[in-house]
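Notes to accompany the following structure.
Residue numbers (the UniProt record's numbering): 1 to 136.
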């Protein structure tokens with residue numbers, strides 16, 4: 001049987017190609033997000049994420065304020081640093097992906113809570129010289 005290239009077949013082939021492209025893009029995005037998110041048990045990746053997150057002095061000060069003063073909203077957390085709310089939220093999201101902060105949205109307010117377990121894991125990793133050399 002000979003297949004003819006009629007308009008319906010051309011449309012189906014184009015749609016199929018578009019679906020495949022979208023599926024590949026979605027898988028790449030999911031893999032990228034998975035690599036940038038804290039995973040319990042994967043100490044090497046978690047240590048890299050935490051060290052990257054703590055690379056900016058602003059994030060270290062935000063984390064120290066959360067540890068010292070307890071849970072607070074993102075807007076209250078950003079007040080003393082004189083940064084915009086979207087900038088503060090992006091920093092909080094980086095800390096959250098590294099596992100050092102947990103957030104929960106209550107109505108229109110996003111509350112942040114310091115999570116000491118991640119830093120304890122980082123201390124253990126940095127205490128082990130074998131793992132320290134393999135972080136590269």
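All C-beta atoms in this analysis are idealised placements derived from N, C-alpha and C, irrespective of residue type, glycine included.
Residue i - partner residues in DSSP beta bridges
{"i": "residue 39", "result": "Beta-bridge pairing links residue 39 to no other residue."}
Buried or exposed (CB count within 10 angstroms, at least 16 for buried), residue i
{"i": "residue 99", "result": "buried"}
{"i": "residue 114", "result": "buried"}
{"i": "residue 29", "result": "exposed"}
{"i": "residue 38", "result": "buried"}
{"i": "residue 66", "result": "buried"}
{"i": "residue 125", "result": "buried"}
{"i": "residue 23", "result": "exposed"}
{"i": "residue 95", "result": "buried"}
C-alpha distance - residue i paired with residue j, whole-angstrom precision
{"i": "residue 101", "j": "residue 43", "result": "17 Å"}
{"i": "residue 50", "j": "residue 60", "result": "11 Å"}
{"i": "residue 32", "j": "residue 76", "result": "31 Å"}
{"i": "residue 41", "j": "residue 54", "result": "20 Å"}
{"i": "residue 103", "j": "residue 80", "result": "20 Å"}
{"i": "residue 110", "j": "residue 74", "result": "6 Å"}
{"i": "residue 93", "j": "residue 117", "result": "17 Å"}
{"i": "residue 46", "j": "residue 17", "result": "37 Å"}
{"i": "residue 71", "j": "residue 89", "result": "15 Å"}
{"i": "residue 48", "j": "residue 57", "result": "17 Å"}
{"i": "residue 120", "j": "residue 108", "result": "32 Å"}
{"i": "residue 78", "j": "residue 123", "result": "27 Å"}
{"i": "residue 8", "j": "residue 2", "result": "15 Å"}
Output the residue ranges of the beta strand (DSSP E) runs that lie fully inside the UniProt domain "HTH arsR-type" (39-136) and measure 3 residues or longer, sorted by chain position. 101-106, 109-114
Do the stretch 56-70 and the stretch 5-14 meet, that is, are 3 or more Cβ pairs less than 8 Å apart? no
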